[in-house]
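In order, the protein sequences belong to chains A and B.
For the first sequence, UniProt numbering assigns the number 1 to the initial residue and increments by one for each residue that follows.
For the second sequence, UniProt numbering assigns the number 1 to the initial residue and increments by one for each residue that follows.
Virtual Cβ for every residue (Gly too), placed ideally from N, Cα, C.
Structure first, then comments.
Number of protein chains: 2
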Amino acid sequence: MMRGRELVNRLATGLVLLCAALALAPAARAEDGYGLWLRYAPLEGEALERLARFDPEIRINDHAGYIDPTLAAAADELARGIVSLLGDRAKARPSGNGIIEVACEGMMDMNPERFIVTPFREAGRRGLRITGGDYGACIYGAFGLLRELSLGHDPASITLDEAPAMPLRMLNHWDNPDGHVERGYAGRSIFDWWHLPDRLDQRMIDYARANASIGINGVAVNNVNARAFMLEPDYIAKLARLADAWRPYGIRVFLSARFSAPVDICGLATADPLDPAVAAWWQAKADEIYAAIPDFGGFLVKANSEGQPGPQDYGRSHADGANMLAAALGDRGTVIWRAFVYSADDETDRAMQAYNEFVPLDGQFADNVIVQVKNGPVDFQPREPFHPMFGAMPNTHLMLEAQVTKEYLGFASHLAFLAPMWEEVLDADTGHGGTVVRTVAQVVAPVGMAGVANTGSDRNWTGSDFDQANWYAFGRLAWNPQLSSDQIAREWAAQTFSRDPQFLGAAVPMMLESREAVVDYMTPLGLAHQMATGHHYGPGPWVCDLPRPEWNPCYYSRADAEGIGFDRSATGSNALGQYASAIAARWSDPETIDPALLLWFHHVGWNHQMRSGRTLWEELVWHYDRGAAKVDTMAETWSTLSEYVDEERFRAVSEMLAIQQREARWWRDASLAYWQSVNGLSLPAGAEPPAHPLDYYRGLEFPEAPGQ
Amino acid sequence: MMRGRELVNRLATGLVLLCAALALAPAARAEDGYGLWLRYAPLEGEALERLARFDPEIRINDHAGYIDPTLAAAADELARGIVSLLGDRAKARPSGNGIIEVACEGMMDMNPERFIVTPFREAGRRGLRITGGDYGACIYGAFGLLRELSLGHDPASITLDEAPAMPLRMLNHWDNPDGHVERGYAGRSIFDWWHLPDRLDQRMIDYARANASIGINGVAVNNVNARAFMLEPDYIAKLARLADAWRPYGIRVFLSARFSAPVDICGLATADPLDPAVAAWWQAKADEIYAAIPDFGGFLVKANSEGQPGPQDYGRSHADGANMLAAALGDRGTVIWRAFVYSADDETDRAMQAYNEFVPLDGQFADNVIVQVKNGPVDFQPREPFHPMFGAMPNTHLMLEAQVTKEYLGFASHLAFLAPMWEEVLDADTGHGGTVVRTVAQVVAPVGMAGVANTGSDRNWTGSDFDQANWYAFGRLAWNPQLSSDQIAREWAAQTFSRDPQFLGAAVPMMLESREAVVDYMTPLGLAHQMATGHHYGPGPWVCDLPRPEWNPCYYSRADAEGIGFDRSATGSNALGQYASAIAARWSDPETIDPALLLWFHHVGWNHQMRSGRTLWEELVWHYDRGAAKVDTMAETWSTLSEYVDEERFRAVSEMLAIQQREARWWRDASLAYWQSVNGLSLPAGAEPPAHPLDYYRGLEFPEAPGQ
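This is the structure:
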């Protein structure tokens, strides 16, 4: 298909009368990012020749005219992908050279999600056969094969044998039924509850395709700060339409349930989990849901946390509450109970409260309850140590909760590739005989990972093009935690932007270093939660007047004239005591702890000598400077890549990077201005002074910041 | 470009092993509606051959390397459109046969927005020349020519000579800076204030293209219920980036200004328009805006209406307020002052209040003030008589305000093509020596039309595909009010869906009848404002308990045991007295008034004999039934058109029509159930009883209804 740019160019040669100069903006239609990593951009060169030679036809099982919808979806995706990868070459008449056979069924001895892609030959023709444990495996096989083809691999030599490391790979949407997304930075919710069940937007299918392509198999559609009315019949009908649409893609729906729903929507006098009427209400509600959605996944519950109702309102434990709901679901589904709890009354170090509440309950949760634990003990900070509950509850199913949306990492405007952060926590040795990933994937029984989604109504789904990479990385890591950040970045960037080695050689390192840049300019050396109040936009280290102490940045920094950092050693809160002894021993000494976690666990003097030879103060400044400089480098790198990227997305990323450059500088300057007001120290020689006095930064207000 | 569907089909022939059956959902990428009427779908048949033969190159003016951005945009659009219309044929090498010359400049004697397209010949080559009064005319000329080409007209015989009927053709966005759109049914605001001015979404360019293509040349970007902070410097910078982006497309930006802004954002003690400090503040503010946006259009103001501040708060008149702002703008811009006022204290018929407040001020407004008057005297009902202010203020610039978004016509889910409604008001004889359109386009000085926009973040811009037609129709009518609804519907449908005469023969009549269907099933025979409270979703004729009388549906229906309708004749409120005597005379008699307006002006007995031979009650039922039946017919008609429309949009429209069918029935049943409870009459023979008892309808609640 000819593009406008070409027309303009060729016309330029013929211009005479009024003089010409059509060297203007190209008319080529730019890409808008909606296609995600499933653009299937036409192959080139040898990769194109190989696929054109293979020239496959697609075969799927048919039982007397009935085709399983999952197989149909797999074949449909293969056809769409291959036609698109062939580009203009798809026009040629088929040679009948190749075969892709999609043959998933009845391999009863296999993990139902495992798929195998193997070459075969038949009557002189080459073929690739996708087999799997169940139909669902074939959709993974189809996407796995398409990924290989998209990366330009030779169809003749593709062999795959994959099974997910853990059975639950979920997205949690903090989407409200009115369309607002809590901590959403990509527009409005993608779920059009108002028009459901009558209208099913095409986006719901494309969303399922994207998820299936990276192995996500469960979606909690609504905010954990849940509205009870989403359990009412009209919403069950809406949910059922989504479940029907997503079933062919192997996705089960989950609902965030408000614990007080029996009171809220049915006027019961209590929601006490040990009250038989309450249990009966939930049992009937579960039956009602399963009548509409036979494969309903279950309930996700935020209870007794940040004002949400829960079993403790009735003097019952988290286990009492979770087990009552688990009994209602029976063997049909799962209760996912969040461990993100901290109390308005408890003066214990916030980082310790979840452990204190949950670890004593180890062994008391029903078998179809999973406790969902955030990666770190506070709240999705740019860097936290792993959560001490991992490894400490050997008789409980634990699942990891990660935040794909960047509440604390610069919203959608900052480029921060999160795979290295998740890799960091998954690979962390808990000291209890394994890593975090062993806990969530292997120890008791395989469990899973949940990611708080970053999707929205924006044309590119995630607000910025590079945030698509975090959705992708989350799914890929939940499928296979052994994948390296580098590989994930590389395959995402190749599918999303360009397979050109020059492009990948520049873009992938930029992605890999981006999260550490955010840590550097926001919260270096183990600092945390220095974001401004409520919306978490921009720096607010000075904030110290909020009613609950643990909502204040000053609670976390503990900065004073002598030093900075939260003493969580035995001389302080002793949060370290929640970790296995080997870990605690290493981290209890400021000299042996990883400096990246220093101020998380220790209050350290400003003049403390770091291993680098710098004082702590100098080291802090060094990190802020490195972070800001890294963003400048990212912007510079990107500016060299225009030839590989369509104009629309190139400009979008460029403009976002310009915002990030300015905001990184703002973070650095505001933070330094504040620390200087506390420690009275001057900046190290050569360090640039903040652009404005501290009062300027303190005076900035952003009532319109999104996502709150 | 080959589609997946074709691949699947051809593969089907070669299937052997597992048996085949790829008669499954096509992989073809469906259209999502983003392209609007600017899809430029490839031509076919003779139309394609003619354009391929013409095979134009494009020439534009160049001054020593400088190309005016508007000309560049025009050439860019021509290149994009022609390449797309040629489809696969754009691949052939150019013959150099044809020329399109874009030559707008310096025709000082012409209306600067007038364009002419004329054929010419040059050295044996055929050409089309676009000339115009100024650069801006050339963007209209380019879009005008592309419309002709898109409709399949022969390039050899295209001649156009057009100028807009009125100079101001505006969209008013009721978009809030937080992204919420008041009365928006298409998602979130299209304006990303958070990331402006740094990020300019491609949608902002495509929005400008769409507007320019239908002649819209002004945009008020924010809700008339305005936030004062949008006048602050950071928002001026954001607005300036939009103005820069839209300038090449001939669009000037306007800002809704909160009258109390000097108090709200600068702490002045008063916003009294006669206070010199207040006038000085606005003067300085205007200067500040013009420094950033030299072609800033001006302010749109909702004052002393529904709680908004205004000059009456200080004992001043609307003219005092408007003239003060007009002085601040000077000859640089325009104050558009809304006449939509009604008071919480005034017990006068709401339909009369705007006239009462404004007509005495005729002649007092400054020359750069326009008073913006809604089409009818109440509020964008499915049908209203024309507003009595039209024709009654000969010494004031009046502008027509229409609502493109369907607040009272079923939101985005009901198909209702509004051109016939606007045509009805534009063609209405005011009795003051002309029609409404003469008032807004010709009487004193040409003025304009404003449409309350229906755009949002939805992929298809307007929530439903057919609502794009209302955006299109508004612009086309503002450009040329002589265009018929039929022609507008036809050219829109051909560009948006299919040029096939079979398709147009079915779809165009469906569009043309759709608005009358809504009148029939919602508010027949001159009823108005029977919508439920606040959100205006669904029927609420029984509502009678709201604090302000004129917010209640019962205020408008005046239904009682004897009859129904609002007596606005001399025996009642005498709103009729606000109309010219010839009009008032005709409308004051229930026998001579158009039955479509009967209950607007008269309280009529249930057994009143209509000209149809039916009683009023029978006639009402007949209309409700006709409306619901019409929607059934629309759905049936659409179901026959699948071969002409891509799958995604075909299904989207089908699903919306199913919603409309159900809701039309709901409107009919709930209304009849309520009227029966008032009049005690049984239904005419053969009429179906309501599906539910009245209490059922009264009990329905929709707290999540959008747009409020």
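Using the three-state DSSP reduction, which class does residue i fall into: helix, strand or coil?
i: Ala27/B; result: Residue placement at Ala27/B is poorly supported in this model, since its pLDDT is 33, which falls under 50; the coordinates are not used for a value here.
i: Gly707/A; result: coil
i: Gly577/B; result: helix
i: Ala21/B; result: For Ala21/B, the predicted model reports a pLDDT of 26, less than 50, meaning its position is unreliable and no value from the coordinates is stated.
i: Ser256/A; result: strand
i: Tyr697/A; result: helix
i: Lys302/B; result: coil
i: Asn176/A; result: coil
i: His195/A; result: coil
i: Ala210/B; result: helix
i: Arg476/B; result: helix
i: Leu599/B; result: helix
i: Arg568/B; result: coil
i: Glu232/B; result: coil
i: Arg125/A; result: strand
i: residue 734/B; result: Given that chain B is displayed from residue 1 to residue 708, the structure contains no residue 734/B and the question cannot be resolved.
i: Arg59/A; result: strand
i: Pro539/A; result: strand
i: Tyr34/A; result: coil
i: Tyr408/B; result: coil
Give me whichever residues DSSP pairs with residue i in a beta bridge.
i: Ile130/B; result: Val102/B and Val117/B
i: Gly605/A; result: Gly563/A
i: Leu160/B; result: Val117/B
i: Val181/B; result: Asp175/B
i: Gly218/A; result: Met170/A and Arg252/A
i: Trp337/B; result: Val301/B and Val371/B
i: Ala402/B; result: Gly451/B
i: Thr615/B; result: Gln609/B
i: residue 754/B; result: Because chain B in this structure spans residues 1 to 708, residue 754/B falls outside the shown range and cannot be described.
i: Phe531/A; result: Note on identity: in this sequence residue 531/A is Met, with Phe being the wrong assignment. DSSP, once it has assigned bridges, lists Pro539/A as partnering Met531/A.
Give me the Cβ distance between residue i and residue j, rounded to the nearest whole Å; I'm assuming they're in contact under 8 angstroms.
i: Ala257/B; j: Leu231/B; result: 6 angstroms
i: Gln660/A; j: Gly456/A; result: That belief does not hold up - the Cβ atoms of Gln660/A and Gly456/A are roughly 19 angstroms apart, past 8 angstroms.
i: Gly538/B; j: Trp675/B; result: Going by Cβ atoms, the distance from Gly538/B to Trp675/B rounds to 16 angstroms, so no, they are not a contact pair.
i: Trp37/A; j: Trp492/A; result: 6 angstroms
i: Asp465/B; j: Arg651/B; result: At roughly 11 angstroms, the Cβ-Cβ gap does not stay under 8 angstroms, so Asp465/B and Arg651/B are not in contact.
i: Gly605/B; j: Gly540/B; result: With a Cβ gap of about 24 angstroms, Gly605/B and Gly540/B do not count as contacting.
### Message
Measuring CB atoms only, is the region 179–188 of chain B touching the region 691–701 of chain B, in the sense that at least three cross pairs come out at less than 8 angstroms?
### Response
Under the Cβ criterion (8 angstroms, minimum of three pairs), the region 179–188 of chain B does not count as touching the region 691–701 of chain B.
### Query
Quick check: the region 136–146 of chain A against the region 66–82 of chain A, are there 3 or more CB pairs under 8 angstroms?
Cβ pair count under 8 angstroms is three or more, so yes.
#### Entry: Given 8 angstroms, three or more beta-carbon pairs between the region 120–132 of chain A and the region 96–104 of chain A
These segments touch.
### Query
Hey, is the region 208–226 of chain A in contact with the region 466–482 of chain B, meaning 3+ C-beta pairs nearer than 8 angstroms?
No contact exists between the region 208–226 of chain A and the region 466–482 of chain B.
### beta strand (DSSP E) segments (min. 3 residues) lying fully within the region 414–452 of chain A
Taking only runs of at least 3 residues, the beta strand (DSSP E) segments lying wholly in the region 414–452 of chain A are 448–452.
### Task
Flag this pair as touching only if the region 150–166 of chain B and the region 454–461 of chain B have three or more C-beta atom pairs under 8 angstroms; answer yes or no.
These segments do not touch.
### Query
If we count Cβ pairs, one from each stretch, closer than 8 angstroms, do we get three or more for the region 545–561 of chain B versus the region 360–376 of chain B?
Verdict: no, contact absent.
### Message
Three or more C-beta pairs under 8 angstroms: does that hold for the region 333–350 of chain B against the region 310–323 of chain B?
### Response
Counting C-beta pairs closer than 8 angstroms gives three or more between the region 333–350 of chain B and the region 310–323 of chain B, which meets the contact rule.
### Query
Would you call the region 474–481 of chain B and the region 164–178 of chain B touching, i.e. three or more CB-CB distances under 8 angstroms?
Taking a cut-off of 8 angstroms on C-beta distances, the region 474–481 of chain B touches the region 164–178 of chain B, as three or more cross pairs fall below it.
### Message
Threshold first: 4 residues or longer. Then list the alpha helix (DSSP H) segments lying entirely within the region 255–335 of chain B, N to C.
### Response
Counting only runs of at least 4 residues, the region 255–335 of chain B fully encloses the following alpha helix (DSSP H) elements, listed from N- to C-terminal order: 261–266, 276–292 and 318–329.
### Task
Inspect the CB distances between the region 390–397 of chain A and the region 366–374 of chain A and report whether three or more fall short of 8 angstroms.
Yes: at least three Cβ pairs fall under 8 angstroms.
### Message
Using 8 angstroms as the cut-off, can you tell me whether the region 215–232 of chain B makes contact with the region 297–309 of chain B, which would need three or more C-beta pairs spanning the two stretches below that distance?
### Response
Result yes; three or more Cβ-Cβ pairs closer than 8 angstroms.
### Query
Contact between the region 117–125 of chain A and the region 66–79 of chain A: three or more CB pairs below 8 angstroms?
Judged by pairs of C-beta atoms under 8 angstroms, the region 117–125 of chain A does not touch the region 66–79 of chain A, as fewer than three such pairs exist.
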